Amino acid sequence: MKSIITKLINGDTIEDISEEIQFTKEQLEEPASEITKRYKKQGLGQHVFDKSKDAPKKTTENAHEFDERGKHPRTFVKMPHYLRYYSYMVDYGVKDSAILMYQLIIDFYNASEGKSYPSQYVLALQSGKSIRNVVGTLKALKDVGLIEVRRTSIGSSNEYRPLTPLPPEELFTRYPQALKRLIKNHAMITEKRERDFKRREEKKKESKWE
């Protein structure tokens with residue numbers, strides 16, 4: 003089954019998968035939490051992702067730990083610190099899928115060539131989005147200055163350069179809709195924090211030393 007899944011992710015042509023992959027009603031209705039627990043009990047749970055440790059270099063001894071693309075489970079995409087604040091840019095078309103798309107562009111970045119060039123088909127398959135969604139998301143990233151795009155002769159295979167996210171002070175200064183969302187969110191969280199603090203203080207007064 004894993005070989006079929008790899009082909010699906012890579013967008014390879016598959017004649018027929020109905021014989022290898024079949025779903026039962028019980029499988030489809032099993033909650034994610036139960037699936038995770040089941041594999042954990044079998045000793046197949048995920049390891050703690052320690053970003054201080056780099057992925058090991060591939061050797062003959064650990065070759066089985068790498069996939070076909072040479073990626074190790076500890077391989078990770080470096081995320082710029084300020085990217086988190088772009089979650090406030092939803093009014094400018096930057097949704098959660100755009101954050102993931104930006105990370106994919108970084109992951110495909112070829113340092114020697116100074117660009118990324120994954121096709122829209124690959125981006126769609128690896129992000130779980132439609133081609134139409136990918137096109138719209140890439141436009142949003144370009145509009146807010148997170149990527150530069152160079153169009154090639156082939157429509158689905160453009161070239162991209164990821165750009166550094168703005169510091170929050172500059173980001174919210176430039177984009178008023180984002181600042182408006184920040185202010186609204188700050189007010190809601192502040193109100194909730196103060197309400198919770200008041201409740202804690204009241205409970206402390208009511209409680210007795212035993």
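In this note's numbering, the protein residues as written are 3 to 212.
Every residue, glycine too, gets a C-beta built ideally from N, C-alpha and C.
Here the structure is a predicted model, which is why all the values come from computation and not from measurement.
With distances taken between CA atoms, Y177 lies nearest to V96 out of K59, V96, L106.
In this structure, V136 is the residue among V136, I149, Y111 with its C-alpha nearest to the C-alpha of Y123.
Residue burial is scored here from C-beta neighbours: S35 has fewer than 16 other C-beta atoms within 10 angstroms and is therefore classed as exposed. Here V146 is buried, its C-beta having at least 16 other C-beta atoms within 10 Å. One thing to note: E150 has its Cβ within 8 Å of the Cβ of R163. Just measuring C-alpha positions, the residue of L46, G47, H74 sitting nearest K59 is H74.
Taken through DSSP and simplified to helix, strand or coil, K210 comes out as coil. Boundaries cannot be given for V96, as no beta strand (DSSP E) includes it and DSSP labels it neither H nor E. If you ignore the 5 residues before and after A100, its C-beta comes within less than 7 Å of the C-beta of T139, A142, L143, all in its own chain and listed in chain order. DSSP places V124 inside the alpha helix (DSSP H), whose first and last residues are 122–129. Shown here, N112 sits in a strand according to DSSP, grouped into three states. Under the DSSP assignment, P170 falls outside any beta strand (DSSP E), being part of the alpha helix (DSSP H) whose first and last residues are 170–176. With fewer than 16 other Cβ atoms inside 10 Å of its own Cβ, M190 counts as exposed. With respect to the 8 Å criterion, L127 and L106 are not classified as neighbours on the basis of their beta carbons. Taking the Cα positions, Y41 is about 16 Å away from L30.
Counting of Cβ neighbours within 10 angstroms places F199 among the exposed residues, the total staying below 16. Secondary structure at E32: coil, using DSSP grouped into helix, strand and coil.
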